[in-house]
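Student: Residue numbers (the numbering used here), protein chains in the order written: chain A, 27 to 244; chain B, 915 to 1341; chain C, 369 to 1030; chain D, 125 to 295.
I'd like to ask some things about the structure below.
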């Protein structure tokens, strides 16, 4: 048995255990995404970074301990690195959450809340399956163009999203959302007017309007 | 303010929400208290002009994050009246439930926030240390009330559950039952705590009586009215809500962004103190006993807090029964529903019982869009009354030779006792 | 075939791969050792003499490497052979490696007894007969580029300088490249005759631990870029319990601008095979691999041939030189992926998988090829090993700086007069490399920066040319020594464009396994692209810095870990150029296409029409005056006209707001 | 055109390609290289055979075939023009050269091979001839490579014209 010290908590584990497994044993949460024990341990997502006292960074999922060692799993710089890396992940993620079968149970949405990254739309957290989606019933829901992080409370309690958390600023997501609205015959003017309630003075709203106008005319 | 001359500024009276400055000026035996909300106006009535009537309630609910449901329901009610829509009965009941739950939870918090003033503690933290059992009981009651609220409304603030002539969230029988039981537990807990509270009860100023004892409540006959179609004043005048403007006049406060509402040119008050006095018959003796236990003097503005406590206990019982009754009547739960209506034109005034008193929303709708709106919040109604009562209080305190520091604290306590939710006065 | 040094001298010699003789190497040079026979000794002496001057007393060496072939060495070789057979001359024609002096390619070396050995530079096939005639028949060396030595009996000797006196040769210390350009890279015999395989036979007599001690004593550090002490790496691998162990030579030289490994392997491949054998012996490995970059097929062929030759004479295989040590080498050709230079990726590639690096630790020394302890060394390191074992650690340790011993080969390319590979003791200044060895900038331009270490390195401004080249100094200046590529950047190049170029390279070569490298580099690239189009904003630079830091500190392997270096170092030293792009919308070096306008100076135009003929967009038309003009609305800014104009009448200007982004 | 080229590929007699190659997974790179050298690209059938020969799953063989630059899953032009994108070559103007080649051959963005299948233009990694920058290499069908050092628009135009003539004369 070796002793791993993570954030001051000492955990006794078998030699060869990964830092992530040791942390989980102690109930410490290190954000991670790509690792699936026994299936993929390639350390690709770089979210589970931990720091040695000397300042070197290692992914907790692929660092195996064979002797007593100490790690820091949470600090400002680690948070920044994680955040940036997570933004990288979202950057090329095709976010058509409203059609995604994992909506409501989306790891990316959970992590973006945990790491305070603004990226996923409310749909990623929406508990309604794509078939139950309010949009398909013609309800003008702002979910597809609103930032997630609220656990989709409104949708959960039966109402459409009102856009409390502000607009998403990714152009591709907005474009996809626009075509989704149009596909389902929801008037995008209604959507914009509704969004105008809370986003009226937000500079990001101008982006939304611009994108919508561009897609409409093109 | 050791002499007859001087002025005193109590900056940023801490309260539940928002800030208010109180200026006290005394000059040759005349004392002037100026209640001035420091918040900037948000022009809700103005910027909603031209908006589709369906949206209006959701925005109006944002006037206040503390009593959002009250604004929401009142607004929905006003829109419905204007458009002549009649929602189904269970929707109305659920609305009552949602709104009542908010009053319960809201007033509980108000009581908690004011208790330090009434127990001689400097703040809530020291209160929680000195009166641990009272504090934990009240917190527990608050938690249970929130729990019940969540069952019915889905989320705590700005609930999307309610809509114009619609109810969006399916409420199961189990949820109704749980909410009912939770509410009864809240009532029981509070009743149990009452005697402890009575022991600790030290009103900041005793024997102070209201210089302008006019109040306003909703008019109800048999039932504690959460909605009503007429207003009742303490001088016995009953006014249909549509005619509120004939008796209530809303003016801009000369020294701040707040508004005053005057009843025939006079200051009046509203809130739990008014309700307990007006509905003494409906409330019944059990609760009156509670009022005796706490030795509430309904003539003393400070004792609004005590009245709120009583109010909460009664409402918890009342809503608990309502929830259980609904659970009985709708064995399969209440499904989301909405009534079809055409977006027409019309004028509608709605008044509801809000945690702090009477709330009036008055809309003119043309072609499905809001043309004009007027909102009179309880804080607006109380604002002038606070000044009047404050002036009398300061005179009394100066007579008693209280120190400046004490006067400051007591005036702040007075403001808190009326209404801790100040942004409503500026909307 | 004449008798060779590696053949049996008489019936008494018993060396063969099956019955190896421990003294085979010494014997073949100064033997016979096991029996005394005047005849046999004489045989060796004559053969050595033959090797130097050719069997017929005269020899022409033609360099046969990628760089000389690219400049026409094949045609020159053919011309030499044709001419000799036509005239019936008694001259041996042999191939050789390359000196590393690219600016004299292709060259010829003439050797004959009694004449100074002469080197002719930039030979054209049609000048071959004249050269042969003049040297071999008239005994006239005038016109030669340099001489190896002076004998005093050739015509025109005084006008031709000695090679050893020329700047670019005098300032070098040719330790590991000693054989480059001198021996025939396909002949094991010549390698042994020039002192090869002495190191291995010495090592086999010392025992593995003593070999590691010797290497540690020499202070040799990995020449692949990271500079990890080689002896220590070997010791760690040796201490591992797992068997079998493997030894790998990393010949996947991918850094653009670096070709010293190619040069070594093409000119002196046996040294690498010997070095790898020593490494295998020291760590206790039984199999070795040489992993060669796909873009360099000749290098692979040479190494493959060297391995086969060594196997033929019992220098690879079972019981090497009677020591009981079994070792064989396989040459593996990559299929083209820059990331293969990373050791864990290289291991994956050898295993026949995608070249995906994996997280270290565990290091290959613990768990490498097929999960077994593996030692991986750069080709240059292994060549050093063979040389150190032959010459002794003290000689090596006497060279170099305090912290880093020995010599290092640098490839100096870009805006210099004499591009090529130069070997210098570590610790010389960049100025010596760029200005004295490579001759400084060509006429008309100035060197403004030096890019060291390939895509992973950084750009060092001209003001820091007096920095010493060693691992630590370069690191503190924001560059790395890397594999030793030095690219001089002139003031005709835009630093933002250079940084963008490196990101284009690294992001295209990212294996795609980890996020920061796969996406981060692309995001950084798009920011730089925006800047080069004149659409950058000031906050972009901050974002760029932050991204670079994250990519650097969180990438899985060294590819991503070092890829931001060019950006960070240009941001550090050339902020003014970034600012010019962003604030003024100007590219100071007139490179960034979106910001540049091409104009034809009508006063200078001679009306030759080259520009119009070559313009891909047909944007250039003839005016009534016979001059040409560019239609700006059609111009695609390819720069072709600028290049082809014989009188430089096409001008580039970068005016404010030229980006046309409104 | 491309389709017909694809159809020409007959991988039935491919096994002789792998002669002398040990059936070990790590010989996958070499096996694929031999397939490519015969057909000029990697036909799916060829990848299957190579995978079968060295004993790895087709998925792995495919992942390898798509990973390395030297393998091409599509038929390439008869003459492959490889433009070095090394540092020295970039600085001395190869980025202009590649643009020039593409526009002269009429290649659209993303298109690699000319529609007549004669030329393809590709970016390549350093050939190690940085001293001669900028360098362009032309791989000829008979397997010989022509390296053009110090390339510019004029020399490239001449080279293309040369091969065009060659093609014209042959067919």
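Beta carbons: idealized from backbone N, C-alpha and C, even for Gly.
Report back the beta-carbon spacing between residue 242/D and residue 292/D to the nearest angstrom; my notes put them in contact at under 8 Å.
Tutor: Actually they do not touch by this definition, with Cβ atoms about 10 Å apart.
Student: With a Cβ-Cβ cutoff of 8 Å, do residue 474/C and residue 439/C count as a contact?
Tutor: yes
Student: If you measure from the beta carbon of residue 107/A to each beta carbon in chain C, is any gap under 8 Å?
Tutor: yes
Student: If the criterion is Cβ atoms closer than 8 Å, does the pair residue 757/C and residue 962/C meet it?
Tutor: no
Student: Please decide whether residue 203/D counts as near chain C, where near means a Cβ-Cβ distance under 8 Å.
Tutor: For residue 203/D, the answer is no, since every Cβ of chain C falls outside 8 Å of its Cβ.
Student: The alpha helix (DSSP H) spanning residue 1228/B covers which residue range?
Tutor: Here the alpha helix (DSSP H) through residue 1228/B covers 1218-1243.
Student: Which word fits residue 218/D, buried or exposed, when buried means at least 16 other C-beta atoms lie within 10 angstroms of its C-beta?
Tutor: Residue 218/D comes out buried.
Student: Could you spell out where the alpha helix (DSSP H) holding residue 1101/C opens and where it closes?
Tutor: For residue 1101/C there is no data in the structure shown, the boundaries of chain C being 369 and 1030.
Student: Are residue 935/B and residue 1171/B close, meaning C-beta to C-beta below 8 Å?
Tutor: No, these two residues do not count as a Cβ contact at 8 Å.
Student: Could you give the DSSP three-state label for residue 928/C: helix, strand or coil?
Tutor: Three-state DSSP puts residue 928/C in a helix.
Student: Near residue 782/C, which residues of its chain fall below 7 Å by C-beta distance, leaving aside the five closest residues on each side in sequence?
Tutor: 855, 856, 857
Student: With a CB to CB cut of under 8 Å and the five nearest residues on each side skipped, what residues in its chain are close to residue 387/C?
Tutor: none
Student: Return the chain-ordered list of same chain residues with a C-beta closer than 6 Å to the C-beta of residue 1305/B, the five sequence neighbours on each side being excluded.
Tutor: Within the same chain, and ignoring the five residues on either side of residue 1305/B in sequence, the residues whose Cβ sits closer than 6 Å to its Cβ are 945, 947.
Student: List, in chain order, every chain C residue whose beta-carbon is nearer than 8 Å to that of residue 207/D.
Tutor: Ordered by position in chain C, no residue passes the 8 Å Cβ test against residue 207/D, which lies about 13 Å from the chain.
Student: Do residue 503/C and residue 496/C come within 8 Å of each other at the CB atom, strictly closer than that value?
Tutor: no
Student: Do the region 259-274 of chain D and the region 785-800 of chain C touch if we need at least three Cβ pairs shorter than 8 Å?
Tutor: no
Student: By DSSP's criteria, residue 773/C is part of a beta bridge. Which residues make up the other side?
Tutor: 768/C
Student: Provide the residue(s) that pair with residue 948/B in DSSP beta bridges, ordered along the chain.
Tutor: 937/B
Student: Can you grab the Cα-Cα spacing for the pair residue 256/D / residue 780/C, in whole Å?
Tutor: 12 Å
Student: Taking 8 Å as the CB-CB limit, is residue 663/C close to chain D?
Tutor: Yes, residue 663/C lies at the interface with chain D (some Cβ there is under 8 Å from its Cβ).
Student: With 8 Å as the threshold, decide whether the Cβ of residue 70/A is near any Cβ in chain C.
Tutor: yes
Student: What residues of chain C sit near residue 147/D, judged by a beta carbon separation below 9 Å?
Tutor: Residues of chain C passing the Cβ test: none, with the nearest at roughly 12 Å.
Student: I believe residue 124/A touches residue 972/B by the beta-carbon criterion, under 8 Å. Please report the beta-carbon distance rounded to the nearest angstrom.
Tutor: Rounded, the Cβ-Cβ distance is 22 Å, inconsistent with contact.
Student: Would you mind stating whether residue 1006/C and residue 984/C have Cβ atoms separated by less than 8 Å?
Tutor: yes
Student: What residues in the region 881-908 of chain C have a beta carbon less than 7 Å from any beta carbon of chain A?
Tutor: 881, 882, 883, 884, 887, 888, 891
Student: Which residues in chain F sit within 8 Å of residue 1006/C, going by Cβ to Cβ distance?
Tutor: Absence of chain F from the displayed structure is noted, the protein chains being A, B, C and D.
Student: Short of 6 Å in beta carbon distance, which residues of its chain neighbour residue 677/C, apart from the five on each side in sequence? Order them along the chain.
Tutor: 556
Student: Could I get the ranges of all uninterrupted alpha helix (DSSP H) runs contained in the region 168-217 of chain D, with 4 residues as the minimum, in chain order?
Tutor: 168-178, 182-191, 211-215
Student: May I have a chain-ordered list of the beta strand (DSSP E) segments no shorter than 3 residues that lie completely inside the region 402-435 of chain C?
Tutor: 426-431
Student: Would residue 624/C and residue 210/D qualify as a contact pair, given that the criterion is a beta-carbon distance under 8 Å?
Tutor: yes
Student: Which same chain residues, not among the five before or five after residue 90/A, have their C-beta less than 7 Å away from its C-beta?
Tutor: 42, 43, 44
Student: Flag residue 1069/B as yes if its beta-carbon sits less than 8 Å from any beta-carbon of chain A, otherwise no.
Tutor: yes
Student: Given a threshold of 16 other Cβ atoms within 10 Å of its Cβ, counted over all protein chains shown, does residue 607/C qualify as buried or as exposed?
Tutor: Under a 10 Å Cβ-count criterion, residue 607/C is classified as exposed, with fewer than 16 other Cβ atoms of the shown protein chains found around its own Cβ.
Student: Name the chain D residues that come within less than 8 Å of residue 701/C, Cβ to Cβ?
Tutor: Result: 153, 154, 157.
Student: Quick check on DSSP: helix, strand or coil for residue 77/A?
Tutor: strand
Student: Roughly how many angstroms lie between the CA atoms of residue 970/C and residue 994/C, to the nearest whole one?
Tutor: 10 Å
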